[in-house]
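Counting in the numbering used here, the sequence shown runs from 0 upward without gaps.
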Amino acid sequence: MAVNLKFLVAILLLTASVVLAVIIPPFQSPDENDHIKRAFLLSRGVLIVETPHGMSSGGLIDSGLLTFMDAYPPRMTAQSVSPEVNKLTWTGNRIFSAAPGTGYYLPLVYAPQAVALAIGQALDLTIDLSYRLARGAALAASLLLIVAALSLYPASPLVLALLALPMTLFQLSSASLDGITTGLALFAVAAFMRIAQDREDASRWLTLGLALAVVLLATSRIHAAPLLLLLLAACYIQRDWRAAVLFVVSVCIFLAWTYFAMNSVADLRVAGNQPPGMIASYYLTHPFAFVSLVAATLSAPNYLNGYLVSFLGVLGWLDASFSAEFYQTVLRLVAVIGGLSLSLSELKSDWPERLVLLLLSAASAALVFLALLVTWNPHPAHLIDGVQGRYFLIPAIMLSYAVAGGRPTSIIWGRGIALFLCLCLFLVSLRGTAELLLERYHLPPAPSQTGAAGMIPLDILREVPDLASAMSSHSPETRKRFALDLTNSWHGSVAVEVAWPVWQGGRTSPLVALAANRSLKFL
């Protein structure tokens, strides 16, 4: 990739992230508060979360940081925050706070945020400024990894399109893990493709970098575990026993950490659930039960559409959605870019590595469902709830490299058109995302329609922790028809993530706060 293009990509992503970071209040990415808690623990030298009796896993967190987090709850508005909150400082008094969702992750991946928080504590900065440093550190690490990946191997326009999606831009602007894991995935795949291209001449340091990247990925995003096999493939390509040693060591680290985490982390958000290790063992020994569950989930009404929409972008705590027309525009741009990225000219020479990436992409996508089934669903489950479209970004990255190979496009002029469309997609995403977030967090809500017969303003449901309880006076049949009407009113988009998990799976989805200021009619 030309030097000017890779740095242009970095500059565009940096610009978008800075713009969005100004708009987005703290902790408005899903589970961002728990990610910061884990980074804080690492900044204090704590590698393993605690699990007090009868409580979810977590650790001792500075009380000032907890107070700061409480001021920015999920589904908040910027007008509700007192200016005094930004003056909060570190107290040195630590209180136990649960962060179970991050307990499964090897904490080394939080190093950028942890260093930033440590600097904030050492310099006695305000917690707000320390948090902003953590955001900046995560962004810097993400961009460095992306630039390194683009330097190692030419990325197809489809890869660049994935970086330009509203969901990707939003997550890059937060202090959560998504930006860093996206960068690690890009680096790992680019390093593998470079090794496949250079073969025995490939740098041994590159193999070591690949090993480090896939270990960090697999121990923080379990659905990225198939990337460990890239080391085995690199060993075969290079005919180097040192790559084999790295593969064995990496797999041992992954298995040891995963076994430990599965048997030590407690997550009481899933009522009555069995230990994840026990559930995983069941489905590993009953693979057809898992396949049946995945098939049932994918065939359930609107689940696939929900994954697609949330892959493109459902922002905030999954409470800020774009219009159906916006999603259609983004999807069409991505589809055209993907078509222009397809390359068959070098298939005879590079089909082995491309086939490896294609198979690993499918395996990673399957592991998304297995990971959520094990950690986020009661056992036995009827459907797999909790899957978000953004979880498929790592499989999509592998697929993007697989379809392009070493030549980004088979059409001479196709690359130029595809890159121009990538720029268009970036501008559309940035403008649409900025406008949506300004409306979501900073503009006063429009008056709701109330008093009409049979109408329930959805902003009333914003404060309801369990959507099903809001309709307890209605029969199950009416509740199901209500869910269908809700889905139709949103053109079959992410609103189904509120409705169906509540009535079919018995679970409360975090997507309770969709569509403030809209009303829904009972059928």
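Where is the CB? At the ideal position from N, CA and C, for every residue including glycine.
Predicted model, so just to flag it, every value in this text is computed and none were measured.
With 16 other Cβ atoms within 10 Å as the buried cut-off, status of residue i
i: Ser322; result: exposed
i: Gln387; result: buried
i: Thr449; result: Its pLDDT being 39, under 50, Thr449 is placed unreliably in this model, and the coordinates cannot settle the point.
i: Cys421; result: buried
i: Val188; result: buried
i: Met54; result: exposed
i: Phe425; result: buried
i: Lys86; result: exposed
i: Glu199; result: exposed
i: Trp316; result: buried
i: Thr68; result: Here residue 68 is Met; the residue named in the question, Thr, does not match the sequence. It counts as buried.
i: Arg14; result: Looking at the sequence provided, one finds Thr at residue 14 rather than Arg. Thr14 is exposed by the Cβ-count criterion.
i: Ile204; result: Here residue 204 is Trp; the residue named in the question, Ile, does not match the sequence. So Trp204 counts as exposed.
i: Phe287; result: exposed
i: Ala401; result: buried
i: Arg353; result: buried
i: Asn301; result: buried
i: Leu343; result: exposed
i: Leu303; result: exposed
i: Gln273; result: exposed
i: Arg331; result: exposed
i: Phe191; result: buried
i: Phe246; result: buried
i: Met277; result: exposed
Through-space distance from residue j to residue i, alpha-carbon basis
i: Thr284; j: Met261; result: 17 Å
i: Gly135; j: Thr374; result: 30 Å
i: Leu207; j: Ala224; result: 17 Å
i: Leu267; j: His378; result: 14 Å
i: Ser298; j: Pro165; result: 27 Å
i: Met397; j: Pro73; result: 32 Å
i: Ala365; j: His222; result: 8 Å
i: Thr180; j: Leu162; result: 13 Å
i: Val8; j: Leu228; result: 29 Å
i: Tyr282; j: His381; result: 13 Å
i: Val527; j: His34; result: The shown model of the chain, from 0 to 522, leaves out residue 527, and the question about it has no answer.
i: Ser309; j: Arg389; result: 6 Å
i: Asp177; j: Phe169; result: 10 Å
i: Tyr130; j: Asp349; result: 45 Å
i: Glu324; j: Gly305; result: 15 Å
i: Leu65; j: Ala98; result: 12 Å
i: Asn3; j: Ser150; result: 11 Å
i: Ile126; j: Pro106; result: 21 Å
i: Phe368; j: Asn376; result: 11 Å
i: Phe443; j: Ala417; result: The sequence as given places Pro at residue 443; Phe does not occur at that position. Each residue's alpha carbon lies about 39 Å from the other.
i: Val355; j: Leu12; result: 29 Å
i: Leu357; j: Thr328; result: 27 Å
i: Ala294; j: Leu124; result: 51 Å
i: Gly413; j: Lys5; result: 19 Å
i: Pro25; j: Pro351; result: 44 Å
i: Ala319; j: Tyr104; result: 27 Å
i: Gly182; j: Ala139; result: 10 Å
i: Leu359; j: Ile393; result: 10 Å
i: Phe253; j: Ala20; result: 33 Å
i: Val214; j: Phe186; result: 12 Å
Paired residues, beta bridge with residue i - DSSP
i: Ala97; result: Gly57
i: Val8; result: In DSSP, Val8 forms no bridge with anything.
i: Thr125; result: Thr88
i: Ser320; result: Val313
i: Glu49; result: Gly57
Whole-angstrom C-beta distance between residue j and residue i, which should lie under 8 Å
i: Thr218; j: Trp256; result: 5 Å
i: Leu436; j: Leu314; result: 7 Å
i: Ala174; j: Glu31; result: 6 Å
i: Thr50; j: Ser42; result: Not confirmed; about 21 Å, so no contact.
i: Ser249; j: Ala210; result: 5 Å
i: Ile194; j: Leu292; result: Not confirmed; about 36 Å, so no contact.
For residue i, the three-state DSSP class (helix, strand or coil)
i: Ala163; result: coil
i: Ala299; result: coil
i: Val495; result: Residue confidence for Val495 is low, a pLDDT of 33 falling below 50, so the modelled location carries little weight; the figure read from the coordinates is stated next. Of the three classes helix, strand and coil, the one that applies to Val495 here is helix, per DSSP.
i: Gly102; result: coil
i: Ser360; result: helix
i: Met192; result: helix
i: Phe368; result: helix
i: Met75; result: coil
i: Asp484; result: For Asp484, the predicted structure reports a pLDDT of 38, less than 50, and the residue's modelled location is therefore unreliable. A value from the coordinates is still provided. It is helical.
i: Val80; result: coil
i: Ala117; result: helix
i: Asn376; result: coil
Interface flag, residue i vs chain B, CB-CB below 8 Å
i: Gly57; result: Absent here is chain B; the protein component of the structure consists of one chain.
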